[in-house]
Amino acid sequence: MSISGVGNAAMQNIDLQNMDIETLLMTVQSQRAQLLDVQLANQIQEVQNRNDKIAKLNAVLTALNKIDGEFKKDKSTEKLGKDLYQKHQAELKEACDAAGISLEISDKVDNSAQIAKLEKMAKDYPGLSFAYKGQIDSLKMTHNPDGGLSPSTKKGDITTAINNVKGQIDAANNSTQMDMLRLQSLTNKRNEAFDVMTNFIKKMQDSRSAIIGNMR
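By the count of the UniProt record's numbering, the sequence shown reaches residue 216 at its end, each step adding exactly one.
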């Protein structure tokens with residue numbers, strides 16, 4: 001008959017047939033402490049991952065606030081424009097990619113077919129390539145199949161995106177609070193398990209010392 005370590009493939013089976021009661025109890029308590037160590041490490045990693053997610057969402061929020069600051073406060077329909085788009089696009093995209101989110105803050109525009117057609121024509125007619133280049137550049141500027149930041153993005157769109165990201169940050173912070181409570185609970189259980197094991201070892205040693213003393 002044997003008892004397996006639950007939830008951890010690294011734990012060895014406990015053979016009940018070849019153990020005295022003291023060794024058996026000690027082994028069971030030791031495996032419980034090991035299991036709690038694994039659970040505690042997993043919970044710590046979960047907290048770290050969520051904190052990392054919050055930091056990345058804050059980077060997105062910072063980028064959005066910079067863009068929002070470019071608009072006049074009372075102009076919710078004002079468009080970002082080409083120059084400001086080029087100024088802020090890379091930072092916002094990098095922050096969103098790092099956070100693993102996509103912000104639909106503009107109308108989706110897919111110019112890929114037109115761009116491909118004009119690029120082919122520019123290649124087929126080299127003498128007209130300069131004329132085609134202007135059209136291609138213009139189409140690329142408005143090409144926005146994912147609905148991300150574009151020159152046509154309005155202040156109102158940025159405000160909506162800011163509120164959306166703030167909501168995600170608040171939700172993540174609430175989850176972190178729950179994670180910390182679970183972490184504290186696991187820490188207490190783990191410390192309790194090690195205290196029990198330490199006390200058990202001491203009692204075993206005291207008992208054996210007493211037996212040896214009586215044999216003298």
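Where a beta carbon is used, it is the ideal one built from N, C-alpha and C, also for glycine. Treat the numbers as computed from the prediction; the structure is a model and nothing was measured.
Quick check on Ile201: does DSSP put it in helix, strand or coil? Taking the first residue of the sequence shown as 1, we reach residue 201 at position 201. In the structure shown, Ile201 sits in a helix (DSSP, three-state: H, G or I).
What first and last residue would you give for the alpha helix (DSSP H) that runs through Asp137? Within the sequence shown, the letter at position 137 stands for residue 137. That run of the alpha helix (DSSP H) goes 129 to 142.
Considering only the alpha carbon of each residue, which of Ile212, Phe200, Met180 lies closest to Leu40? By one-based count along the sequence shown, residue 40 stands at place 40. Ranking Ile212, Phe200, Met180 by Cα distance to Leu40 puts Met180 first.
Proximal residues to Tyr85 (C-beta, below 6 Å), its chain only, five neighbours per side dropped: Along the sequence shown, one-based indexing puts residue 85 at 85. Counting only Cβ-Cβ distances below 6 Å, and skipping sequence neighbours, we find Pro151.
Does the distance from the CB of His88 to the CB of Ile67 come in under 7 Å? Position 88 of the sequence shown, counted from the first residue, corresponds to residue 88. Position 67 of the sequence shown, counted from the first residue, corresponds to residue 67. In this structure, Ile67 lies closer than 7 Å to His88 by Cβ.
Please state the DSSP three-state secondary structure of Lys53. Counting from 1 along the sequence shown, the entry for residue 53 is found at position 53. Residue state, collapsed to three classes: helix.
Buried or exposed: which applies to Lys72, given that a residue is buried once 16 or more other Cβ atoms fall within 10 Å of its Cβ? Taking the first residue of the sequence shown as position 1, residue 72 is located at position 72. Classification for Lys72: exposed.
Residues of its chain near Gly147, where Cβ-Cβ distance is below 6 Å and the 5 sequence neighbours each way are ignored: Position 147 of the sequence shown, counted from the start, is the residue given in the question as residue 147. Once the five neighbours on either side are set aside, the close Cβ partners of Gly147 are Glu104, Ser106, Lys108.
Compare the C-alpha of Ser185 against each of Leu25, Leu36, Met26, Ser30 and name the closest. Taking the sequence shown and counting its residues from 1, the one referred to as residue 185 is at position 185. Comparing Cα positions, the closest option is Leu36.
Exposed unless 16 or more other CB atoms sit within 10 angstroms - verdict on Ala193: Taking the first residue of the sequence shown as position 1, residue 193 is located at position 193. Looking at its Cβ environment, which holds 16 or more other Cβ atoms inside 10 Å, Ala193 is buried.
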